[in-house]
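K.L.:
For the record, in the sequence shown the residue sitting at position 237 is 236 according to numbering that gives the first Met the number 0, with numbers rising by one throughout.
Don't be surprised by glycine CBs; every beta carbon is placed ideally from N, CA and C.
This structure is in structure tokens; I'll ask about it shortly.
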Amino acid sequence: MKKRTLFGTAALSASLILAACGSDDSEETSESNGSDEAGSEFNLQEEGQLTWASSGLYKPFNYEEGGELKGFDVEIGHAIAEKMGLEPNPITTPWETILQGLTGERFDAIIGSMAITNERAEQVDFSDPYYYSGGMIFVAEGNDEITSAEDLEGKKIGVVAQSTYDEAAQEYTEDIQYYNSDVVALNDLEIEGRLDAVITADVVGYEAMASGLGVKDVGEPLWIEQAAIAVNKDNPELLEAINEALAEIQEDGTYDEISTNLFDRNLLDVDLEGIEILE
């Protein structure tokens with residue numbers, strides 16, 4: 000796998016402060032919907048609701064706190080649902096089976112930091128990207144043996160199964176420890192002898208570092224990926240409406256407000272010229 004550079008450490012190590020997403024667009028949404036039966040043309044699981052899934056284990060993008068789902072994915076989902084005139088209904092499901100849950104019509108969409116790949120695109124349709132991130136290597140603070148991707152050869156790497164990080168780890172080693180949460184994997188780096196490295200999203204690792212976890216990043220991102228919303232292939236009307244809503248929240252400043260409140264920057268404000276994207 001080629002090493003691809005996009006984000007520097009300084010740009011991504013900003014303090015991550017969660018903020019509830021508010022909206023005053025209810026009147027505008029009602030007018031644009033033009034119907035009391037919002038979303039009836041989208042073949043939704045529940046009439047008038049946009050039900051989307053995430054793992055709920057991917058802080059700061061989607062996680063449970065105090066019995067409530069929070070994070071960037073959740074706030075973006077709420078904003079999109081509101082623009083569509085629908086009630087937001089986020090749920091959680093295991094990441095390993097999340098695609099099967101969508102194709103099995105257990106929910107309407109996946110808003111859970113799913114990266115677009117050619118393999119996934121054979122099963123579902125993807126919206127326009129709603130953020131960019133890089134796959135990054137993290138090790139314990141005191142680990143000076145791993146300074147580049149080449150040093151991962153034969154090492155024990157922790158990843159979430161069925162993720163793009165899983166595929167990356169397999170290029171370097173057969174000694175892979177699987178987790179259902181990237182955060183749990185990162186915590187295991189502090190336990191001597193448990194893991195040599197973890198591959199996960201740069202933002203997720205930097206959030207852990209900012210919270211005081213004793214880990215550090217290694218080198219530049221291994222690749223850049225596009226996180227997008229997944230919907231079933233037999234629901235093009237829903238896909239179109241989600242793309243329209245996503246464009247609206249970017250145009251009216253809602254997206255920038257959510258992203259800036261959480262990350263001190265806009266996760267879509269990236270110069271992609273000359274950058275190879277994970278496929």
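For D181, which of helix, strand or coil comes out of DSSP?
P.N.:
The residue given as residue 181 occupies position 182 in the sequence shown. Looking at D181 - three-state DSSP - the assignment turns out to be helix.
K.L.:
Give me the Cα-Cα distance between N260 and S54, rounded to the nearest whole angstrom.
P.N.:
Position 261 of the sequence shown, counted from the first residue, corresponds to residue 260. Position 55 of the sequence shown, counted from the first residue, corresponds to residue 54. The alpha-carbon atoms of N260 and S54 are separated by roughly 22 Å.
K.L.:
Closer than 6 Å by C-beta to D195: which residues in its own chain qualify, once you throw out the five before and the five after it? Chain order, please.
P.N.:
As a first step, residue 195 must be located in the sequence shown, where it is residue number 196. For D195, where only same-chain residues beyond five positions count, the Cβ hits under 6 Å are K154 and K155.
K.L.:
Quick one: using the 10 Å Cβ neighbour count with 16 as the cut-off for buried, is G103 buried or exposed?
P.N.:
On the sequence shown, residue 103 is found 104 positions in, with the first residue counted as 1. Burial call: exposed.
K.L.:
Could you check if P220 is buried or exposed, using at least 16 other CB atoms within 10 Å of its CB as the buried criterion?
P.N.:
If you number the sequence shown from 1, residue 220 lands on position 221. P220 should be labelled buried.
K.L.:
Is A120 closer than 8 Å to V214 when the C-beta atoms are compared?
P.N.:
Along the sequence shown, one-based indexing puts residue 214 at 215. Along the sequence shown, one-based indexing puts residue 120 at 121. Not in contact: V214 and A120 (Cβ atoms no closer than 8 Å).
K.L.:
Which stretch, first to last residue, makes up the alpha helix (DSSP H) that contains L49?
P.N.:
Here residue 49 corresponds to residue number 50 of the sequence shown, with the count starting at 1. Not the alpha helix (DSSP H): L49 falls in the beta strand (DSSP E), residues Q48 to S53.
K.L.:
Determine, using beta carbons only, whether P89 comes closer than 8 Å to chain D.
P.N.:
Checking the listed chains, one finds no chain D in this structure; it contains a single protein chain.
K.L.:
Can you check whether the CB of S180 is closer than 8 Å to the CB of L56?
P.N.:
Taking the first residue of the sequence shown as 1, we reach residue 56 at position 57. Taking the first residue of the sequence shown as 1, we reach residue 180 at position 181. A contact, by the Cβ cut-off of 8 Å.
K.L.:
In three-state DSSP terms, what is Q122?
P.N.:
For the purposes of this step, residue 122 is taken as residue 123 along the sequence shown, with counting starting at 1. DSSP places Q122 in coil when its eight states are reduced to three.
K.L.:
Ignore the nearest five residues each way along the sequence and tell me which others in E40's own chain have a CB closer than 7 Å to its CB.
P.N.:
Against the sequence shown, residue 40 aligns to sequence position 41. Within the same chain, E40 has close Cβ partners E236.
K.L.:
So, does the stretch 81 to 94 touch the stretch 187 to 205, judging by three or more C-beta pairs under 8 Å?
P.N.:
The stretch 81 to 94 vs the stretch 187 to 205: no contact.
K.L.:
Kindly confirm or deny that the stretch 168 to 188 and the stretch 241 to 260 touch, where touching means at least three C-beta pairs closer than 8 Å.
P.N.:
Contact fails: fewer than three Cβ-Cβ distances are below 8 Å.
K.L.:
Can you tell which of F262, G47 and F137 has the C-alpha that lies nearest to the C-alpha of V197?
P.N.:
Translated into the one-based positions of the sequence shown, residue 197 becomes position 198. Considering only alpha carbons, the answer is F137.
K.L.:
Would S147 and V217 be called neighbours here (beta carbons separated by less than 8 Å)?
P.N.:
Within the sequence shown, numbered from 1, the residue matching residue 147 stands at position 148. Within the sequence shown, numbered from 1, the residue matching residue 217 stands at position 218. Their beta carbons are under 8 Å apart, which means S147 touches V217 by this criterion.
K.L.:
I need the boundaries of the beta strand (DSSP E) containing E278, first residue and last residue.
P.N.:
For this step, residue 278 is matched to residue 279 along the sequence shown. Run containing E278: none; DSSP gives neither H nor E here.
K.L.:
Taking a contact to mean a Cβ-Cβ separation below 8 Å, would you say G134 touches A200 in this structure?
P.N.:
In the sequence shown, residue 134 corresponds to position 135, counting from 1. In the sequence shown, residue 200 corresponds to position 201, counting from 1. It is a contact, given that the beta carbons lie within the stated cut-off.
K.L.:
Using alpha carbons as the reference points, say which of L267, E250, V182 and A240 lies closest to A209.
P.N.:
If you number the sequence shown from 1, residue 209 lands on position 210. For the residues L267, E250, V182 and A240, the minimum Cα distance to A209 belongs to V182.
K.L.:
With DSSP as the reference, please indicate the residues paired to A196 in a beta bridge.
P.N.:
Counting from one through the sequence shown, the residue named residue 196 turns up at place 197. DSSP output for A196 lists I156 as bridge partner(s).
K.L.:
Taking DSSP as the reference, what is the three-state secondary structure of P235?
P.N.:
Stepping through the sequence shown from its first residue, residue 235 is reached at position 236. Three-state DSSP puts P235 in a helix.
K.L.:
Report the residue from V123, T50 and V158 whose alpha carbon sits nearest the alpha carbon of P87.
P.N.:
Here residue 87 is taken as the residue at index 88 of the sequence shown, counted from 1. With distances taken between Cα atoms, P87 lies closest to T50.
K.L.:
Comparing alpha-carbon positions, which option in E170, I190 and I79 lies nearest D251?
P.N.:
Working through the sequence shown from its first residue, we reach residue 251 at position 252. For D251, the nearest C-alpha among the options comes from I79.
K.L.:
Alpha carbon to alpha carbon, what distance is there between I109 and E74?
P.N.:
The residue given as residue 74 occupies position 75 in the sequence shown. The residue given as residue 109 occupies position 110 in the sequence shown. Rounded to whole angstroms, E74 to I109 spans 14 Å at the Cα level.
K.L.:
Could you tell me if E278 is buried or exposed, where buried requires 16 or more neighbouring beta carbons within 10 angstroms of its beta carbon?
P.N.:
Working through the sequence shown from its first residue, we reach residue 278 at position 279. That one is exposed.
K.L.:
Which residues in the same chain as K232 place their Cβ atom closer than 6 Å to its Cβ, once the five residues preceding and following it in sequence are excluded?
P.N.:
Counted from its first residue, the sequence shown places residue 232 at position 233. Excluding positions up to five away in sequence, the list reads D124.
K.L.:
Taking buried to mean at least 16 other C-beta atoms within 10 Å of its own C-beta, is S258 buried or exposed?
P.N.:
Counting from 1 along the sequence shown, the entry for residue 258 is found at position 259. By the neighbour-count rule (16 or more Cβ atoms within 10 Å), S258 is buried.
K.L.:
Helix, strand or coil: how does DSSP classify G218 here?
P.N.:
On the sequence shown, position 219 is the one that residue 218 refers to. Strand, per DSSP.
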